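A.B. asks:
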Amino acid sequence: MATYKGINGYAVQTVASDPSPGDPGQVFYNTTAKTFEYTISQNGAWATGGNLPAYKRMAAGAGTQTAALLAGGGEPVSNASFEYDGTTWTAGGNLGTAREGLAGCGTQTVAVVFGSRTPTAGVLTEEYDGTTWTAGGNLGTGRGALASAGTQTTALGIGGETGPARTTATEEYNGTSWTAGGNLATATAMLAGAGLQTSALAFGGQINPGDQVGTTEEYDGTSWTAGGSLNTARASLGGCGTQTVALAAGGGTYTEEYNGTSWTNVASMSVGKNWPILVGTQTSALCAGGEGPTATEEFTGGLQNVNKTISFS
Amino acid sequence: MAYKYCTAENWGKGFIEIGESSRFDISGLPGNVWRIPANNKDANLWVFKVAGSFKTKSEAQAIVDAEVAKAQAAYDALPEDQKNNSLNRRPENIVLE
Numbered sequence: 001m002a003t004y005k006g007i008n009g010y011a012v013q014t015v016a017s018d019p020s021p022g023d024p025g026q027v028f029y030n031t032t033a034k035t036f037e038y039t040i041s042q043n044g045a046w047a048t049g050g051n052l053p054a055y056k057r058m059a060a061g062a063g064t065q066t067a068a069l070l071a072g073g074g075e076p077v078s079n080a081s082f083e084y085d086g087t088t089w090t091a092g093g094n095l096g097t098a099r100e101g102l103a104g105c106g107t108q109t110v111a112v113v114f115g116s117r118t119p120t121a122g123v124l125t126e127e128y129d130g131t132t133w134t135a136g137g138n139l140g141t142g143r144g145a146l147a148s149a150g151t152q153t154t155a156l157g158i159g160g161e162t163g164p165a166r167t168t169a170t171e172e173y174n175g176t177s178w179t180a181g182g183n184l185a186t187a188t189a190m191l192a193g194a195g196l197q198t199s200a201l202a203f204g205g206q207i208n209p210g211d212q213v214g215t216t217e218e219y220d221g222t223s224w225t226a227g228g229s230l231n232t233a234r235a236s237l238g239g240c241g242t243q244t245v246a247l248a249a250g251g252g253t254y255t256e257e258y259n260g261t262s263w264t265n266v267a268s269m270s271v272g273k274n275w276p277i278l279v280g281t282q283t284s285a286l287c288a289g290g291e292g293p294t295a296t297e298e299f300t301g302g303l304q305n306v307n308k309t310i311s312f313s
Numbered sequence: 314m315a316y317k318y319c320t321a322e323n324w325g326k327g328f329i330e331i332g333e334s335s336r337f338d339i340s341g342l343p344g345n346v347w348r349i350p351a352n353n354k355d356a357n358l359w360v361f362k363v364a365g366s367f368k369t370k371s372e373a374q375a376i377v378d379a380e381v382a383k384a385q386a387a388y389d390a391l392p393e394d395q396k397n398n399s400l401n402r403r404p405e406n407i408v409l410e
């Protein structure tokens with residue numbers, strides 16, 4: 001019978017405690033834990049965060065992993081907002097208008113949300129100061145299930161549904177009013193966005209009912225051009241980060257990272273989510289809400305070598 | 314790979330930590346059912362930490378089936394116009410591995 005030493009030229013190391021992860025492929029036996037382990041190179045990992053107090057799908061999100069905002073969403077359609085401090089969600093100010101399928105951007109205390117899918121394809125914009133929502137300028141094209149990028153005073157509304165139809169419309173917000181930007185190449189709804197008003201990313205989505213795409217488009221403040229495609233075509237996902245350092249998660253448990261050229265699969269979420277919010281950066285993100293459970297998950301990115309326990313069957 | 318199943322209530326922060334999801338795969342299923350690798354000490358320790366209750370594959374399948382059936386019944390009860398709404402999809406059956 002072949003032995004490990006016979007194949008590799010050296011025996012499995014025996015250690016009393018886990019060594020720092022070394023080279024991927026290394027195998028060792030931990031005599032204290034009585035486990036065989038091996039080292040792999042893994043990109044990112046998810047952990048659970050504090051559960052949302054209520055079920056929320058197609059809400060708007062803003063902020064970071066430890067200072068996030070979730071506003072609106074359904075179902076039932078709600079005007080509630082919630083603030084996350086890295087551990088717990090607490091109630092924020094109520095939106096002036098209850099809605100689902102809106103988009104948002106900015107920070108926890110300086111945010112903007114716009115559009116809606118339910119009750120109607122809407123134009124309403126509201127701005128948050130950490131306590132209260134006040135009305136902003138209306139979108140030129142009423143729509144929901146759209147994507148967003150930017151900040152409260154330099155926001156971008158991307159694509160979405162104007163009813164049964166998808167739209168290519170992109171609009172730019174200056175803190176007061178919306179003006180038309182360059183159109184997406186393909187009318188898409190339930191897509192995700194990342195980045196800033198002048199360097200944004202739009203990816204995934206649905207171009208017809210049931211027709212999900214993995215296409216990515218990059219915006220330079222004027223026009224959209226094609227980027228690398230997601231590895232898994234899907235809609236109802238979330239996006240965050242920047243145009244060249246972005247993260248996509250949701251539309252299932254899939255998580256992918258973008259480097260400005262191509263998407264790479266990284267660690268999957270434990271619980272699949274459709275229509276969640278995803279906020280933060282590629283290396284420190286928060287995924288919350290969405291269809292299904294109220295679970296929140298926190299992503300920590302970065303390539304690292306980790307020791308995994310070997311399962312025997 | 315062989316799997317084990319347990320039920321446990323996800324209490325939120327700390328239920329699954331980075332150090333755990335890095336060392337073994339944890340998948341959440343309907344009905345608070347969690348799938349973990351079989352014969353994996355770290356996974357077993359996690360089940361102990363979360364006060365999980367081990368289930369046989371058929372017991373776990375029954376729990377998942379019941380949750381999916383509930384969701385399917387809720388979808389079937391929707392008015393036709395809402396069924397045609399692209400947000401609402403009939404939940405699919407899940408077959409445990």
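In the order they appear, the protein sequences are chains L and Y.
For the first sequence, counting from 1, position 156 maps to 156 in our numbering; every step adds exactly one.
For the second sequence, counting from 1, position 64 maps to 377 in our numbering; every step adds exactly one.
Heads up, the beta-carbon is just placed ideally off N, CA and C, and yes, glycines get one too.
Model, not experiment: these values are computed from the prediction.
At a Cβ threshold of 9 Å, is L:A295 touching chain Y?
C.D. replies: Taking the first residue of the first sequence as 1, we reach residue 295 of chain L at position 295. L:A295 counts as touching chain Y.
A.B. asks: Is there a C-beta anywhere in chain L that falls below 9 Å from the one on Y:E333?
C.D. replies: Numbered from its first residue, the second sequence carries residue 333 of chain Y at position 20. With 9 Å as the cut-off, Y:E333 counts as an interface residue toward chain L.
A.B. asks: Expressed to the nearest angstrom, what Euclidean distance is found between the alpha-carbon atoms of L:A288 and L:Y10?
C.D. replies: Taking the first residue of the first sequence as position 1, residue 288 of chain L is located at position 288. Taking the first residue of the first sequence as position 1, residue 10 of chain L is located at position 10. Roughly 47 Å separates the two Cα atoms.
A.B. asks: If you compare alpha carbons, which of L:S199, L:R57 and L:A192 is closest to L:G182?
C.D. replies: Numbered from 1 along the first sequence, position 182 holds the residue referred to as residue 182 of chain L. Nearest Cα to L:G182 within the set L:S199, L:R57 and L:A192: L:S199.
A.B. asks: Please list the partners that L:S284 has in chain A, where partner means a Cβ-to-Cβ separation under 9 Å.
C.D. replies: Here the protein chains are L and Y, and chain A is not one of them.
A.B. asks: Alpha carbon to alpha carbon, what distance is there between L:G228 and L:G204?
C.D. replies: Within the first sequence, numbered from 1, the residue matching residue 204 of chain L stands at position 204. Within the first sequence, numbered from 1, the residue matching residue 228 of chain L stands at position 228. If I take the Cα positions, the gap works out to 11 Å.
A.B. asks: Between L:T309 and chain Y, is the shortest Cβ-Cβ distance under 9 Å, so that the two count as touching?
C.D. replies: By 1-based counting over the first sequence, the position of residue 309 of chain L is 309. Yes, L:T309 lies at the interface with chain Y (some Cβ there is under 9 Å from its Cβ).
A.B. asks: In terms of DSSP beta bridges, what is L:N274 paired with?
C.D. replies: In the first sequence, counting from the first residue as 1, residue 274 of chain L sits at position 274. BP columns for L:N274 point to L:E291.
A.B. asks: Since L:P119 sits in a beta bridge, which residues does DSSP pair it with?
C.D. replies: Start at 1 with the first residue of the first sequence, and residue 119 of chain L comes out as number 119. Paired residues: none, contrary to the question.
A.B. asks: Sorted by chain position, which residues of the same chain lie with C-beta nearer than 6 Å to L:T154's C-beta, five sequence neighbours on each side aside?
C.D. replies: The count along the first sequence starts at 1 and reaches residue 154 of chain L at position 154. Q197.
A.B. asks: My assumption, with CB atoms under 8 Å, is that Y:G325 sits in contact with L:T296. Please give the rounded CB distance.
C.D. replies: Counted from its first residue, the second sequence places residue 325 of chain Y at position 12. Counted from its first residue, the first sequence places residue 296 of chain L at position 296. Their Cβ separation, rounded to whole angstroms, is 7 Å, which keeps Y:G325 and L:T296 in contact under 8 Å.
A.B. asks: Buried or exposed: L:V81, going by 16 or more other Cβ atoms within 10 Å of its Cβ?
C.D. replies: In the first sequence, counting from the first residue as 1, residue 81 of chain L sits at position 81. A small fix is needed here, since residue 81 of chain L is Ser in this sequence, not Val. Label assigned to L:S81: buried.
A.B. asks: Can you pull the chain Y neighbours of L:N265, defined as C-beta to C-beta under 8 Å?
C.D. replies: Locating residue 265 of chain L in the first sequence gives position 265, where the first residue counts as 1. Near L:N265 there are no residues of chain Y at all, since even the closest Cβ is about 14 Å away, more than 8 Å.
A.B. asks: What number of angstroms, rounded off, separates the C-alpha of L:V27 from the C-alpha of L:W263?
C.D. replies: Counting from one through the first sequence, the residue named residue 27 of chain L turns up at place 27. Counting from one through the first sequence, the residue named residue 263 of chain L turns up at place 263. Using only the alpha carbons, I get a separation of about 30 Å.
A.B. asks: Let me check one thing: in DSSP terms, what residues is L:W46 bridge-paired to?
C.D. replies: Counted from its first residue, the first sequence places residue 46 of chain L at position 46. L:W46 is bridged to L:F299.
A.B. asks: Give me the subset of the segment 49-63 of chain L whose CB atoms are less than 7 Å from a CB atom of chain Y, sorted by chain position.
C.D. replies: Of all residues in the segment 49-63 of chain L, G49, G50 and N51 have a Cβ within less than 7 Å of some Cβ in chain Y.
A.B. asks: Exposed or buried, which one is L:P53 when buried takes at least 16 other CB atoms within 10 Å?
C.D. replies: For the purposes of this step, residue 53 of chain L is taken as the residue at position 53 of the first sequence. Label assigned to L:P53: exposed.
A.B. asks: If the cut is a Cβ gap below 7 Å, which residues of chain Y does L:S270 touch?
C.D. replies: The residue you call residue 270 of chain L lines up with position 270 of the first sequence. For a Cβ distance threshold of 7 Å, residue set I329, S334, I339, S340 and G341 of chain Y lies close to L:S270, ordered along the chain.
A.B. asks: Under a CB-based cut-off of 9 Å, is L:V12 close to chain Y?
C.D. replies: Position 12 of the first sequence, counted from the first residue, corresponds to residue 12 of chain L. No, L:V12 does not count as interfacial toward chain Y.
A.B. asks: Closest to L:N274 by CA distance: which of L:G238, L:V245 and L:L303 is it?
C.D. replies: Counted from its first residue, the first sequence places residue 274 of chain L at position 274. Among L:G238, L:V245 and L:L303, the Cα nearest to that of L:N274 belongs to L:G238.
A.B. asks: What span of residues does the alpha helix (DSSP H) with L:I7 cover, start to end?
C.D. replies: Numbered from its first residue, the first sequence carries residue 7 of chain L at position 7. Counting along the chain, the alpha helix (DSSP H) containing L:I7 begins and ends at Y4 to N8.
A.B. asks: Given this structure, state the Cα-to-Cα distance separating L:W46 from L:I310, to the nearest angstrom.
C.D. replies: Counting from 1 along the first sequence, the entry for residue 46 of chain L is found at position 46. Counting from 1 along the first sequence, the entry for residue 310 of chain L is found at position 310. Roughly 20 Å between the two C-alpha positions.
A.B. asks: In three-state DSSP terms, what is L:A246?
C.D. replies: The count along the first sequence starts at 1 and reaches residue 246 of chain L at position 246. L:A246 falls in the strand class under three-state DSSP.
A.B. asks: Could you confirm whether any beta carbon from chain Y is found closer than 9 Å to the beta carbon of L:A165?
C.D. replies: For the purposes of this step, residue 165 of chain L is taken as the residue at position 165 of the first sequence. With 9 Å as the cut-off, L:A165 does not count as an interface residue toward chain Y.
A.B. asks: Are the C-beta of Y:N323 and some C-beta of chain L separated by less than 9 Å?
C.D. replies: Start at 1 with the first residue of the second sequence, and residue 323 of chain Y comes out as number 10. Yes, because at least one Cβ of chain L sits closer than 9 Å to the Cβ of Y:N323.
A.B. asks: Pick out whichever of L:A98, L:T3, L:A169 and L:G106 has its Cα sitting closest to the Cα of L:T120.
C.D. replies: Counting from one through the first sequence, the residue named residue 120 of chain L turns up at place 120. Out of L:A98, L:T3, L:A169 and L:G106, L:A98 has the C-alpha closest to the C-alpha of L:T120.
A.B. asks: Please list, in chain order, the residues of the segment 356-382 of chain Y that have any C-beta partner in chain L closer than 8 Å.
C.D. replies: A356
A.B. asks: DSSP beta-bridge partners for L:V134?
C.D. replies: Here the question's residue 134 of chain L lines up with position 134 in the first sequence. Sequence inspection shows Thr at residue 134 of chain L; the Val mentioned does not correspond to that position. In DSSP, L:T134 forms a bridge with L:E127.
A.B. asks: Examine chain L for any beta-carbon lying closer than 9 Å to the beta-carbon of Y:N406, and answer yes or no.
C.D. replies: Sequence index remark: in the second sequence, residue 406 of chain Y carries index 93 (1-based). No - not a single Cβ of chain L is within 9 Å of the one on Y:N406.
A.B. asks: What does a CB cutoff of less than 6 Å around L:L191 pick up in its chain, not counting 5 residues either side in sequence?
C.D. replies: Along the first sequence, one-based indexing puts residue 191 of chain L at 191. The answer, listed in chain order, is A147, G159, A202, G204 and G205.
A.B. asks: If we ignore side chains and look at the alpha-carbon of each, how far apart do L:G63 and L:P24 end up?
C.D. replies: Position 63 of the first sequence, counting from 1, holds the residue named residue 63 of chain L. Position 24 of the first sequence, counting from 1, holds the residue named residue 24 of chain L. Going from the Cα of L:G63 to the Cα of L:P24 covers about 35 Å.
A.B. asks: Residues of chain L with CB under 9 Å from Y:K396, in chain order?
C.D. replies: For the purposes of this step, residue 396 of chain Y is taken as residue 83 along the second sequence, with counting starting at 1. What Y:K396 touches in chain L: nothing, since even the nearest Cβ is about 12 Å away.
A.B. asks: What does L:R99 pair with, by DSSP beta-bridge criteria?
C.D. replies: As a working mapping, residue 99 of chain L is identified with position 99 in the first sequence. DSSP lists no partner for L:R99.
A.B. asks: Return no unless some Cβ of chain Y is closer than 9 Å to the Cβ of L:A45.
C.D. replies: The count along the first sequence starts at 1 and reaches residue 45 of chain L at position 45. Yes, L:A45 counts as interfacial toward chain Y.
A.B. asks: Determine, using beta carbons only, whether L:T300 comes closer than 9 Å to chain Y.
C.D. replies: If you number the first sequence from 1, residue 300 of chain L lands on position 300. At least one chain Y Cβ lies under 9 Å of L:T300.
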